[in-house]
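Following my numbering, the numbering of the sequence shown begins with 239 at its first residue and continues without gaps.
One structure is given below, encoded as structure tokens.
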Amino acid sequence: MAAQSPQGGRGAGAGTLTGDAAQTQYGPVQVRVTVSGGRITGAEALQAPRGGRSDQVTADAVPRLNRAAVTAGTADIDAVSGATYTSAGYKQSLQSALDRAGG
């Protein structure tokens, strides 16, 4: 089966896929992943909590979560200390993106 575009979205294990926005106590978190050969090759948060202390927490947590997603290759990643809600939302959105990729 040929690789599917993100709009095709299922079963191919390749493409750029956006997860559902996960609502957290501090605001939405939404993740986009790039998958190639069935592996996560890139991850980024399109939405993350903002405003006040959330800016600092997000600036610290999101890059760490992005790296963890690529390293782990799954949504089974550790939460970032001090960013429990953001981490949980990130994992939820990441899993929905991976579900779209068929993994």
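Heads up, the beta-carbon is just placed ideally off N, CA and C, and yes, glycines get one too.
By the DSSP assignment, the alpha helix (DSSP H) with Q285 in it spans what residues? First-last for Q285: R277 to Q285, but that is the beta strand (DSSP E), not the alpha helix (DSSP H).
Determine the burial state of L303: buried for a count of at least 16 other Cβ atoms within 10 Å of its Cβ, exposed for fewer. L303 comes out buried.
Around the C-beta of T309, are 16 or more other C-beta atoms found within 10 angstroms, so that it is buried, or is it exposed? With fewer than 16 Cβ atoms within 10 Å of its Cβ, T309 is classed as exposed.
What does the alpha-carbon distance come out to for the pair G276 and A259? Across the structure, G276 and A259 are spaced so that their CA atoms are roughly 22 Å apart.
Given this structure, state the Cα-to-Cα distance separating G327 from G311, to the nearest angstrom. Using only the alpha carbons, I get a separation of about 17 Å.
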